[in-house]
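Numbering (the numbering used here), first residue to last: 34 to 320. First up is the structure itself, then whatever we jot down about it.
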Amino acid sequence: MSAVAAAAPRKRARRAGTSPWAYAGITAIVLYCLAPFYWMVVSALRRPADQFSNKAFPWPISLTNFESAFKPTNGFGRALLNSLVVAGLTTILTLVIGITAAYVLARLEFRFKNVILAAIIATSMFPGISLLVPLLKLFVSIHWINTFQAMILPSMSFALPLAVFNLTAFFKQMPFALEEAAQIDGASPMQAFRKVILPLAAPGVFTTAILTFIAAWNEFIIALSVTNKQEMRTAPVITSLFTGQYGYDQPFGTQMAAGVVVTIPLVILVLFFQRRIVEGLTSGSVK
């Protein structure tokens with residue numbers, strides 16, 4: 034009997050541990066996800082003469098493609114600044130509106146609240162391409178072509194449903210007693226929200242900000258459609274429009290270098306804040 038009792042903890046330990054097959058599966062998934070990015074970096078570091086080589090490592094290493102990407106004629110530097118402006122303003126405005134809407138939906142009781150929340154979530158299911166033609170017609174009629182607001186507002190419309198949904202879950206799992214205690218101590222409802230609830234919701238707000246910024250930074254189809262001047266195009270758009278030496282050849286290496294420049298800041302951002310992102314994605318799901 035004692036032997037059986039002693040063996041039980043060992044079985045539970047083996048069951049709780051991770052088998053080599055699990056590690057092998059995780060490794061395979063990681064390699065599968067990183068392979069395209071690795072090949073992009075390798076292609077960016079090749080010499081232009083070797084850009085279609087199939088070697089797994091670039092040799093000799095060359096920075097010519099990065100120099101070509103930042104040539105003044107390509108406008109890539111200005112495009113990076115445009116992407117930063119569009120993604121930054123989209124993130125800020127989405128957070129301001131999303132936090133307000135989510136707090137109202139989480140804390141106030143009114144008729145059709147669930148219907149409104151369902152409608153907000155349903156709007157995220159519309160494919161962006163289906164809204165492109167009416168948006169383009171609207172922006173032409175109000176003279177918004179080649180403006181930042183023509184790129185920011187559509188990006189907000191796609192980011193807001195996710196922001197409201199995530200933040201509503203956060204505010205719902207916070208006890209209302211926190212606000213009541215703050216108001217008993219003399220705080221107004223706005224002060225209770227700003228000084229008590231909002232700091233506690235920081236993981237959800239931070240996660241929403243990161244996801245919104247990444248989506249706005251990578252947005253392509255709307256930015257391509259509402260701009261026709263080089264100085265207003267964003268980095269993904271300008272990268273797709275790079276021309277080769279003779280105007281008709283494909284500047285594969287230069288595009289890969291630009292892709293590395295656009296992607297690396299996002300990779301660093303996610304790796305640096307991954308713990309807070311995971312915390313934000315999971316803490317609103319349980320009470």
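Cβ atoms here follow ideal geometry from the backbone N, Cα and C, with glycine treated the same way.
Neighbourhood of residue i by C-beta, 7 Å cutoff - its chain only, sequence neighbours within 5 removed
i	result
residue 299	247, 250
residue 264	108, 111
residue 281	Reliability of the predicted coordinates at residue 281 is poor, the pLDDT of 49 falling under 50, and the value obtained from them is presented with this limitation in mind. Answer for residue 281: no residue qualifies.
residue 78	91, 94, 95
residue 146	138
residue 276	284
Whole-angstrom C-beta distance between residue j and residue i, which should lie under 8 Å
i	j	result
residue 101	residue 285	So it is not a contact: roughly 11 Å between Cβ atoms.
residue 204	residue 135	6 Å
residue 81	residue 106	Contact doesn't hold; Cβ gap of about 16 Å is too wide.
residue 230	residue 213	Their Cβ separation, rounded to whole angstroms, is 12 Å, which puts residue 230 and residue 213 out of contact at 8 Å.
residue 234	residue 228	The pair is not a contact, with the Cβ atoms about 12 Å apart (cut-off 8 Å).
residue 254	residue 161	6 Å
Sub-8 Å separation of residue i and residue j beta-carbons
i	j	result
residue 184	residue 256	yes
residue 63	residue 293	no
residue 240	residue 199	yes
residue 192	residue 127	yes
residue 196	residue 131	yes
residue 188	residue 252	yes
residue 368	residue 272	Any answer about residue 368 is impossible in this case: the structure gives the chain only from 34 up to 320.
residue 119	residue 181	yes
residue 154	residue 194	yes
residue 165	residue 150	no
Neighbourhood of residue i by C-beta, 6 Å cutoff - its chain only, sequence neighbours within 5 removed
i	result
residue 306	none
residue 54	none
residue 262	179
residue 172	178, 183, 259
residue 266	112, 260
residue 304	none
residue 124	242, 245, 246
residue 226	none
residue 268	112, 113, 116, 295
residue 142	none
Delimiting residues of the alpha helix (DSSP H) encompassing residue i
i	result
residue 205	182-205
residue 215	210-217
residue 170	161-174
residue 272	268-273
residue 289	285-305
residue 239	235-251
residue 230	Where residue 230 is concerned, there is no enclosing alpha helix (DSSP H), given that its DSSP letter is neither H nor E.
residue 52	Premise fails: residue 52 is in no alpha helix (DSSP H) and is neither H nor E.
residue 256	254-258
Cut-off 8 Å between Cβ atoms - residues of its own chain near residue i, not counting five sequence neighbours on either side
i	result
residue 311	none
residue 49	Reliability fails at residue 49, whose pLDDT of 46 lies under 50, so the model's placement of it is uncertain and no value is given.
residue 6	Since the displayed the chain opens at 34 and closes at 320, residue 6 lies outside it and no answer follows.
residue 215	224, 225, 228, 229
residue 86	79
residue 222	212, 216
Below-8 Å beta-carbon distance, residue i vs any chain D residue
i	result
residue 239	Absent from the structure is chain D; it holds one protein chain and no more.
Contact test: residue i Cβ vs the ligand NAD heavy atom, cutoff 7 Å
i	result
residue 237	What this structure holds is no ligand at all, so the ligand NAD is not there to describe.
message: Give the list of continuous alpha helix (DSSP H) stretches no shorter than 4 residues that lie fully inside the stretch 75-159.
response: Within the stretch 75-159, the complete alpha helix (DSSP H) runs of at least 4 residues are 97-102, 109-140, 146-156.
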